[in-house]
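K.L.:
Below you'll find the structure I mean.
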Amino acid sequence: MSYVEMPGAKVPIRMWADPATVEDVALQQLRNVATLPWVKGLAVMPDVHFGKGATVGSVIAMQGAVCPAAVGVDIGCGMSAVKTSLTANDLPGDLSRLRSKIEQAIPVGRGMHDDPVDPDRLHGFATAPWDDFWGRFDGIADAVKFREERATKQMGTLGSGNHFVEVCVDTDGSVWLMLHSGSRNIGKELAEFHIGVAQKLAHNQGLVDRDLAVFIADTPQMAAYRNDLFWAQEYAKYNRSIMMALLKDVVRKEFRKAKPAFEPEISAHHNYVAEERYEGMDLLVTRKGAIRAGSGEYGIIPGSMGTGSYIVKGLGNEKAFNSASHGAGRRMSRNAAKRRFSTKDLEEQTQGVECRKDSGVVDEIPGAYKPIEQVIERQRDLVEVVAKLKQVVCVKG
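Position 140 (the sequence shown) corresponds to 149 in the working numbering; numbering is contiguous.
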């Protein structure tokens with residue numbers, strides 16, 4: 010499947026989705042992005058849907074500018090996955106104990122650790138840059154400095170919404186560990202602070218949508234945002250690494266006899282900014298609900314909590330700015346899902362998965378998401394599938 014090109018004011022809109030299936034409000038958001046003076050390219054992934062500020066599933070390439078709302082408020086949100094030496098035969102028939110142990114080890118929702126996780130006590134965790142990372146906290150926006158204690162205690166926690174920790178089995182019977190999370194409250198507050206700053210700048214007053222306010226290169230506001238953005242992206246990566254280390258420890262204890270081994274971690278942001286070069290231009294590429302899929306690069310494209318996920322390898326398609334989708338993508342809002350589905354529907358759609366089946370997660374029901382197989386099919390020129398996984402345990406926030 011190749012892309013469909015739609016006209017845009019400054020650049021064409023390259024869509025790896027069927028335009029007929031995209032909400033009108035999302036299409037309007039994309040057209041608005043294409044009016045920005047700094048935009049040099051816009052690629053739209055097959056999981057595209059309406060988002061706050063900018064469309065989820067969009068890849069925006071700009072020169073000399075960056076739009077903080079186009080990153081989203083969960084800076085650095087992304088996925089990590091690890092293949093283990095365990096097989097489906099090693100798993101017990103009742104997985105409730107395993108789920109309970111994971112929930113004890115990794116705080117979910119708005120929860121946090123009682124004390125900050127000491128990375129020196131984590132099995133095989135690389136701690137070399139850790140002190141340097143926290144040393145740079147003093148350099149981020151004064152507006153969030155009072156959150157330092159909370160930020161340290163939320164490091165290694167899941168959050169809520171569509172974030173999850175899963176134990177999965179691939180089609181060969183191998184067991185995988187997978188998780189989805191970002192920069193927690195500290196990233197959210199940094200994003201909201203900078204979006205507010207951008208919206209007040211003079212050069213943004215005539216924009217078609219105030220949510221598309223940008224910072225411009227060589228300004229103090231851009232320098233401050235870049236500093237905080239890259240720090241928050243690092244926080245998100247550490248957050249996933251610590252959770253994965255905690256998850257591995259649970260698996261080691263629960264499957265002591267099998268002596269599980271773990272392959273190298275696959276990790277990919279899907280709400281972030283990167284400096285990349287295309288067609289001789291140095292660009293700031295914003296991926297909101299999209300992963301980087303450079304040639305040979307591994308990525309993770311999850312479905313919903315009952316449908317499974319894919320490990321993929323990028324094909325390096327520069328028309329999409331070396332990108333691919335970040336998941337199945339919602340086909341209805343959270344509120345619409347709550348109105349349409351019941352806990353009975355949730356039980357039916359998550360049959361065979363050890364997970365929450367209460368009203369608090371009905372908005373995450375598989376029926377609220379696009380079919381992951383169709384999403385994968387529409388991006389065969391962006392990625393190749395390496396493994397297909399099906400979750401057997403899903404921990405939600």
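Even glycine gets a Cβ: it sits at the ideal position worked out from N, Cα and C. These numbers come from a predicted model, not from an experiment.
#1: Which residue's Cα is closest to the Cα of T228: V206, M164, E382?
#2: Pull up the distance between the alpha-carbon of N344 and that of P375, whole angstroms please.
#3: For P128 and R219, I'd like the C-alpha separation in whole angstroms.
#4: Can you list, in chain order, the residues of its chain with a C-beta nearer than 7 Å to that of P125? Leave out the 5 residues immediately preceding and following it.
#5: Can you tell which of M314, G312, G308 has its C-alpha closest to the C-alpha of L324?
#6: By the DSSP assignment, the alpha helix (DSSP H) with Q400 in it spans what residues?
#7: Pick out the complete alpha helix (DSSP H) segments inside the segment 73-127, 4 residues or longer, and give them in chain order.
#8: Between P297 and G338, is the Cβ-Cβ spacing less than 8 Å?
#9: From which residue to which residue does the alpha helix (DSSP H) around G205 run?
#10: Going straight from the alpha carbon of G87 to that of I251, what length do you get?
#11: Can you name, in chain order, every residue of its own chain whose Cβ lies under 8 Å from the Cβ of D258, other than the five neighbours on each side?
#12: Please confirm whether I22 and V53 have their CB atoms less than 8 Å apart.
#13: Considering just the uninterrupted stretch of the beta strand (DSSP E) at E373, what are its terminal residues?
#14: Straight-line CA distance for S94 to S183?
#15: What separation, rounded to the nearest whole angstrom, lies between the Cα atoms of I275 and V91?
#16: Hey, how far is the Cα of E327 from the Cα of F202?
#17: Taking the continuous beta strand (DSSP E) assigned at I149, which residues delimit it?
#18: DSSP state of L216, grouped into three classes?
#19: With three or more C-beta pairs closer than 8 Å as the rule, is the segment 394-404 touching the segment 168-176?
#20: Opposite E14 in the DSSP bridges: which residues?
#21: Do I225 and A74 come within 8 Å of each other at the CB atom, strictly closer than that value?
#22: Find out if the Cβ-Cβ distance for the pair G312, G289 is shorter than 8 Å.
#23: Excluding sequence positions up to five away, which residues of its chain have a Cβ less than 8 Å from the Cβ of K19?
#24: For S183, which residues does DSSP report across the bridge?
#25: Who are K379's beta bridge partners in DSSP?
#26: Applying the 10 Å Cβ sphere with the 16-neighbour rule, what's the burial state of A78?
#27: Sort out for me which residues DSSP pairs S276 with in a bridge.
#28: Between which two residues does the alpha helix (DSSP H) carrying R301 extend?
#29: Compute the Euclidean distance between the alpha carbons of S318 and S89, then round it to the nearest angstrom.
#30: Tell me the DSSP secondary structure of F224 in three-state form.
#31: What is the DSSP secondary structure of T44, counted as helix, strand or coil?
#32: D141: buried (16+ other C-beta within 10 angstroms of its C-beta) or exposed?
#33: Quick one: Cα of V82 to Cα of R249, how far?
#34: Which of helix, strand or coil does DSSP assign to M253?
#35: Are the beta-carbon atoms of L391 and A329 separated by less than 8 Å?
#36: Measure how close the beta-carbons of A241 and S190 come, nearest whole angstrom, since I'm counting them as under 8 Å.
P.N.:
By the coordinates alone:
#1: Looking from the CA of T228, the closest CA among V206, M164, E382 belongs to V206.
#2: Approximately 14 Å, taken between the alpha carbons.
#3: 41 Å
#4: T161, K162, M164
#5: G308
#6: Counting along the chain, Q400 falls outside any alpha helix (DSSP H), though it belongs to the beta strand (DSSP E) covering 392-405.
#7: 105-114
#8: Checking the displayed sequence, the identity of residue 297 turns out to be Lys instead of Pro. Not a contact, by the Cβ cut-off of 8 Å.
#9: 193-209 is the span of the alpha helix (DSSP H), which, as asked, contains G205.
#10: 14 Å
#11: A114, L131, H132
#12: Yes.
#13: From DSSP, E373 is part of no beta strand (DSSP E); its letter is neither H nor E.
#14: 7 Å
#15: 6 Å
#16: Whole-angstrom Cα-Cα distance: 33 Å.
#17: Note, I149: premise wrong, no beta strand (DSSP E); not H, not E.
#18: coil
#19: yes
#20: R23
#21: In this structure, A74 sits near I225, with a CB-CB distance shorter than 8 Å.
#22: no
#23: A43, T44, L45, P46, V48
#24: According to DSSP, S183 bridges with T96.
#25: Per DSSP, none; premise fails for K379.
#26: buried
#27: S89
#28: Counting along the chain, R301 falls outside any alpha helix (DSSP H), though it belongs to the beta strand (DSSP E) covering 299-301.
#29: When rounded, the distance between both Cα atoms is 12 Å.
#30: When DSSP states are grouped into helix, strand and coil, F224 belongs to the strand group.
#31: coil
#32: With fewer than 16 other Cβ atoms within 10 Å, it is exposed.
#33: 17 Å
#34: helix
#35: yes
#36: Between A241 and S190, the beta carbon gap of about 13 Å keeps them out of contact (Cβ cut-off 8 Å).
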